[in-house]
Amino acid sequence: MTPRQAPAVLDAAFDARVDPDELVRAAMQWHFSPETGTPFWLDRLPRLGFDPRTEVRTMDDLRMFPQLVDELRRVPIEDLIPRGYGGSAEIIGVFESGGTTGPPKRVLYFADWMEREMAGAMRAMDERGYPRNVNWLSMGPSGPHDYAELTAQHARRRGGVRFAVDFDPRWVRLGLRQGRAEEIERYLDHVLAQVADVLSTQRVGAVQAPPPLLSRLARDERLADLVRSQVKAITWCGTSMDSDTRDLLREDVFPGIRVYGLYGSTMALGAAFERPSTDNGDSVFDPPSANVTYEVVDPAAGKPVAVGETGRVVMHHVSKSALLPNNLERDVARRAAEPDGQVSHSVADVRPVEEFSGVPVIVGAY
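Using the UniProt record's numbering, read the sequence shown as starting at 1 and increasing by one per residue.
Next comes the structure, spelled out in structure tokens:
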């Protein structure tokens, strides 16, 4: 099978200004046509109750899709490759959700999508003054998680290498769920001992870590001194950070070092850097592109909330390589005022829900 030509809007340059509704219509044709479609969606078309090729015309129409991402826990990954690639799709990797609420869900990262994702990340880092030609240290999950691949891409594309300290969030969550808090404390000490070794023997100019690990590091004066002596930028990601902790890190513990959050979801195949300016003191995140968009909704009514109100976060991913619409995330957030021209909601004060799909949410340290 040879590759088929995708609608031009699906291959538009990352920084091109595309009509979001045109993007949606093109994606519906691509993912639901027998010649180019994704087996996962073609198999589910008869039970959708509508024809996306004719009835899903706008971004708002993405709300018509039912919650199907839970089915990604058991779908063969080959069913996630659109036929339009004709067997020529380059797959960067298979990545899984954190498994917070049950068996993990799996998605594919295509090489063409990675290029778009990294173009946005590099632009965001440039706008926030992230350094180039320095090495990175990441504290976070590897294995089936996209965190390791993305942080390695960040370091390499900015002219450095990545030092990695592995961290297993599933083990931490299991330990907390089983009441083994002391064991988890020893595990986190084990992780930070490895961080100390890297910081004391290598040149590191950027750090990426989940907030709980970053807070523990900040309480260790030796480790904090090692960071202050060489690091120029810190990115926190994976779980939420309250504004008091963020301000303490920025102003008191790591003054002069750029500290920004990164909010995303494996199921959205994308992440957004914290807005440079704050909104009522909170971290604010604008969706990275028309391909990955956010909504803050009233969970009971499923309707968008007004600016300033709090609701559940829904994410949509619409691209050539994947279609993951109307995904209800495990997060609640306040809807922040959007910049002019943005096609979806901005989110602030993001934090996890206490229960998701009937399962208690234990975040742990990631």
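The beta carbon of each residue, even a glycine, is placed where N, CA and C say it ideally should be.
Closest Cα partner of residue i within the set the options
i: residue 217; options: 254, 239, 182, 242; result: 254
i: residue 271; options: 45, 92, 288, 221; result: 288
i: residue 47; options: 67, 36, 35, 60; result: 67
i: residue 345; options: 351, 284, 324; result: 284
i: residue 233; options: 127, 75, 337, 144; result: 127
i: residue 327; options: 213, 70, 83; result: 70
i: residue 294; options: 274, 264, 322; result: 264
i: residue 197; options: 133, 324, 222; result: 222
i: residue 142; options: 136, 134, 135, 151; result: 151
i: residue 237; options: 212, 308, 80, 136; result: 212
i: residue 98; options: 162, 170, 153, 133; result: 170
i: residue 195; options: 207, 276, 149; result: 207
i: residue 275; options: 117, 225, 339; result: 339
i: residue 269; options: 167, 105, 75, 35; result: 105
i: residue 155; options: 342, 42, 121, 6; result: 121
i: residue 167; options: 175, 187, 157, 161; result: 187
i: residue 114; options: 9, 172, 341, 266; result: 266
i: residue 79; options: 60, 40, 61; result: 40
i: residue 149; options: 286, 2, 117; result: 117
i: residue 11; options: 153, 291, 43, 81; result: 291
Residues bridged to residue i (per DSSP)
i: residue 91; result: 110
i: residue 331; result: 352
i: residue 262; result: 237, 273
i: residue 96; result: 106
i: residue 287; result: Bridge partners of residue 287: none, in fact.
i: residue 304; result: 297
i: residue 317; result: 292, 324
i: residue 206; result: 136, 233
i: residue 311; result: 333
i: residue 346; result: 336
i: residue 51; result: DSSP output for residue 51 lists no bridge partner at all.
i: residue 70; result: None; residue 70 has no bridge partner.
i: residue 19; result: Per DSSP, none; premise fails for residue 19.
Buried versus exposed, by CB contacts within 10 Å (16 or more), residue i
i: residue 300; result: exposed
i: residue 94; result: exposed
i: residue 55; result: exposed
i: residue 228; result: exposed
i: residue 357; result: Caution is warranted here: a pLDDT of 47 is assigned to residue 357, below 50, making its placement in the model unreliable, and the coordinate value is therefore given only provisionally. By the 10 Å Cβ count, residue 357 comes out exposed.
i: residue 316; result: buried
i: residue 273; result: buried
i: residue 200; result: exposed
i: residue 58; result: exposed
i: residue 133; result: exposed
i: residue 159; result: exposed
i: residue 37; result: buried
i: residue 181; result: exposed
i: residue 178; result: exposed
i: residue 210; result: buried
i: residue 77; result: exposed
i: residue 183; result: exposed
i: residue 161; result: exposed
i: residue 140; result: buried
i: residue 16; result: exposed
i: residue 49; result: exposed
i: residue 20; result: buried
i: residue 146; result: buried
i: residue 175; result: buried
i: residue 251; result: exposed
i: residue 8; result: exposed
i: residue 193; result: exposed
i: residue 82; result: buried
Chain B within 8 Å of residue i, Cβ atoms only
i: residue 187; result: Among the chains of the structure shown, chain B does not appear; only one protein chain is present.
Short Cβ contact (8 Å threshold) for residue i with residue j
i: residue 91; j: residue 65; result: no
i: residue 205; j: residue 243; result: no
i: residue 314; j: residue 305; result: no
i: residue 337; j: residue 349; result: no
i: residue 347; j: residue 330; result: no
i: residue 119; j: residue 138; result: no
i: residue 241; j: residue 261; result: yes
i: residue 45; j: residue 318; result: no
i: residue 32; j: residue 63; result: no
i: residue 258; j: residue 129; result: yes
i: residue 84; j: residue 30; result: yes
i: residue 112; j: residue 320; result: yes
i: residue 103; j: residue 73; result: yes
i: residue 311; j: residue 298; result: yes
i: residue 18; j: residue 322; result: no
i: residue 25; j: residue 135; result: no
i: residue 96; j: residue 144; result: yes
List in chain order: all unbroken alpha helix (DSSP H) runs of 4+ residues lying wholly within the segment 110-190. 111-127, 146-157, 169-177
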